[in-house]
Amino acid sequence: MADQEKLVIMVTHGPEDPELATIPFVMAGAAVASDVDVVMGFQGEGCRLVQKGVAETVSAPEFAPLAGLLDSIRELGGQFLVCSPCVKSRGIEDELIDGAEVCAAARFVAEITSATNSLVY
Amino acid sequence: MSATLSETDLAGVTADKVVDARGAACPGPLLETKKAMGTVPVGSVLELWSSDPQTKVDIAAWCGKVGHELLGTLSADGYERVLVRRMK
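Just so you know, the sequences run in chain order A and B. Using our numbering, read the first sequence as starting at -12 and increasing by one per residue. Using our numbering, read the second sequence as starting at 12 and increasing by one per residue.
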């Protein structure tokens, strides 16, 4: 019996690049649907995607709307971790969506080194 | 990708639940199937409607990974009907 699989997906693009903002959510959606544990890590402009009201504004041609993907991933157990200095520098630490957890580098390292695999977007 | 039933047999299958994901982009049909699978008993058949031609390939890969049975795919008017049996 294999251990539970876990995928860590780091997101560094935000609303300024709708396609690269959306693709990690597509991958995360497929992973949670496949019974893989998913941790999404948001750094840099990627942090904007878990700021309240922002996901609803992001949609890339031919892709599913980002907000619906985010809701499905959260519903199916995906975790959202957000880089502490990234949110502080943008002044959005009090504006994050429910379920988004602010954390520092060591937490990301722990998640990545304990994962089956990781992706960086 | 392997289907276990012939097209004739497949056409005779009555699904326990239909998931209409027509118009949804990847991975919408997969996510809808995953959610619906949790609402029916083991042994039930789900019928997924999708207008995305990649869905049947995606669902086949998903069935192989998570252990459900892909019964097969039927063409309809502008969409495909993918039949999956819940196995666990």
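Built from N, CA and C at the ideal position, the CB exists for glycine as well. Only a predicted model underlies this, so the values are computations on that prediction, with no experimental measurement involved.
List the endpoints of the continuous beta strand (DSSP E) containing residue i.
| i | result |
| --- | --- |
| A/L56 | No beta strand (DSSP E) holds A/L56; the alpha helix (DSSP H) holding it covers L53 to E62. |
| B/K28 | K28 to D31 |
| B/K99 | That residue, B/K99, is in no beta strand (DSSP E); it is neither H nor E in DSSP. |
Expressed to the nearest angstrom, what Euclidean distance is found between the alpha-carbon atoms of residue i and residue j?
| i | j | result |
| --- | --- | --- |
| A/E6 | A/F50 | 8 Å |
| A/K75 | A/A91 | 12 Å |
| B/G49 | A/C70 | 33 Å |
| A/A93 | A/F29 | 14 Å |
| A/Q(-9) | A/V89 | 24 Å |
| B/T25 | B/R96 | 11 Å |
| B/K28 | B/T84 | 15 Å |
| B/R92 | A/S105 | 33 Å |
| B/G78 | A/R77 | 44 Å |
| B/K67 | A/D81 | 42 Å |
| B/G23 | A/V(-5) | 42 Å |
| A/F67 | B/T19 | 46 Å |
| A/V96 | B/P64 | 38 Å |
| A/G64 | A/V45 | 22 Å |
| A/E3 | A/V37 | 14 Å |
Which residues bound the alpha helix (DSSP H) around residue i?
| i | result |
| --- | --- |
| B/V53 | Where B/V53 is concerned, there is no enclosing alpha helix (DSSP H), given that its DSSP letter is neither H nor E. |
| B/L82 | Not the alpha helix (DSSP H): B/L82 falls in the beta strand (DSSP E), residues E80 to S86. |
| A/M14 | P5 to A20 |
| A/L36 | From DSSP, A/L36 is part of no alpha helix (DSSP H); its letter is neither H nor E. |
| B/E43 | G39 to M48 |
| A/E82 | Segment: none, A/E82 is in no alpha helix (DSSP H) and carries neither H nor E. |
| A/A92 | A92 to T100 |
Is DSSP giving residue i helix, strand or coil here?
| i | result |
| --- | --- |
| B/I70 | helix |
| A/G28 | strand |
| A/A47 | coil |
| A/V107 | strand |
| B/V93 | strand |
| B/V24 | coil |
| A/V23 | coil |
| A/E(-8) | coil |
| B/A36 | coil |
| A/S71 | helix |
Are the beta-carbon atoms belonging to residue i and residue j less than 9 Å from one another?
| i | j | result |
| --- | --- | --- |
| A/C73 | A/G40 | no |
| A/M27 | A/P11 | yes |
| A/S59 | A/G86 | no |
| A/D24 | B/K76 | no |
| B/V53 | B/L82 | no |
| A/E62 | B/K99 | no |
Please determine, among the options, the residue with the shortest C-alpha to C-alpha distance to residue i.
| i | options | result |
| --- | --- | --- |
| A/P48 | B/E91, B/A36, B/G78 and B/L57 | B/A36 |
| B/I70 | B/P38, B/D88, B/Y90 and B/V51 | B/P38 |
| A/T(-1) | A/A20, A/A18 and A/R35 | A/R35 |
| B/S86 | B/W60, B/K99 and B/W73 | B/W60 |
| A/V19 | B/K99, B/W73, B/L94 and B/D88 | B/W73 |
| B/L42 | A/A8, A/L57, A/D4 and A/G1 | A/L57 |
| B/V30 | B/E80, B/S62 and B/E58 | B/E58 |
| A/L83 | A/T103, A/G33, A/E98 and A/A102 | A/G33 |
Report the neighbours of residue i on chain C: residues whose CB is nearer than 9 Å to its CB, in chain order.
| i | result |
| --- | --- |
| A/V13 | Judged by its chain identifiers, the structure shown contains no chain C, and its protein chains are A and B. |
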